[in-house]
Amino acid sequence: MSENKKCILVVEDEVKIMEFIESYLKNSGYEVLMAGSGREAEEKLREGKPDMLLLDLMLPDKSGEEILINLRKTSRIPVIILTAKSSEESVIHGLDIGADDYITKPFSPRQMVARVNALFRRTEKEEGGETLTFGGGKLIINTVNYRVIKEGEDILLTPSEFKLLTTLAKRTTKVFTREELIMVAFDGDYAGFDRTIDSHIKNLRAKLEDNPKEPEYILTIRGVGYKFGA
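At position 30 of the sequence shown the residue is numbered 30 (UniProt numbering), and the sequence of numbers has no breaks.
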């Protein structure tokens, strides 16, 4: 695996689609690993340590959903799900179980590469990072090394969850609309339903809040959006 090129693991059981994805990603400067089944994907995740995962949810031996749920127990690798199901509920479910973004089939190669590039931009470490502390040290957010610590315990966030959290936490007096969060947290690259933001917020609360139904950090401002409760 090249030290300079980003490596993407593509998990897709349809050979023509896999080859199509591989060709365009390689032409865009990425290294590509390929897996045609869930078990092969898990092996390559253990062995190759790719920088991103493009994951089809419909696989012959093991569902992409199961792979993603297990992966999120130990890894914050950026994940884009590939799905033929374009309904809002299907997309929201994919985000709920840990995906950072989604692409619905059929898709254009330009759209795919743009979404990959955008997600990599969101995961790049910020220059001049800082440490944000709340609740007298109860919650610590370190933007240099991507660590979130709650009461001394590391909290594993996906790249999109981390970007969203830091966006809110850096401007504690501001109430963000969903549209503003898409523009600020995701650089305007996040195309989808308004509820995609709600899904990420739900996941953040589940990981950060003592009681997600009565949040201390991620507050809902009815009729407007969200703000951080400092």
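Quick reminder that beta carbons are idealized off the backbone N, C-alpha and C, glycines included. Please read these numbers as outputs of a predicted model, since none were measured by experiment.
If you reduce the DSSP assignment to three classes, tell me which class residue i lands in.
i	result
residue 88	helix
residue 58	coil
residue 196	helix
residue 120	helix
residue 133	strand
residue 213	coil
residue 30	coil
residue 225	strand
residue 97	coil
residue 156	coil
residue 220	strand
residue 23	helix
When the Cα of residue i is compared with those of the options, which residue comes out closest?
i	options	result
residue 123	165, 97, 87	165
residue 110	14, 20, 220, 144	20
residue 183	160, 32, 204, 172	160
residue 52	68, 39, 60	68
residue 146	75, 108, 87	75
residue 196	89, 108, 211	89
residue 100	91, 206, 108	91
residue 59	81, 150, 163, 38	38
In this structure, what does DSSP give as the bridge partners for residue i?
i	result
residue 102	81
residue 139	134, 150
residue 52	8
residue 176	226
residue 35	11
Report, in whole angstroms, the separation of the C-beta atoms of residue i and residue j, which I expect to be a contact under 8 Å.
i	j	result
residue 199	residue 56	Wrong, their Cβ atoms sit about 20 Å apart, outside the cutoff.
residue 72	residue 98	4 Å
residue 168	residue 228	4 Å
residue 217	residue 132	That belief does not hold up - the Cβ atoms of residue 217 and residue 132 are roughly 11 Å apart, past 8 Å.
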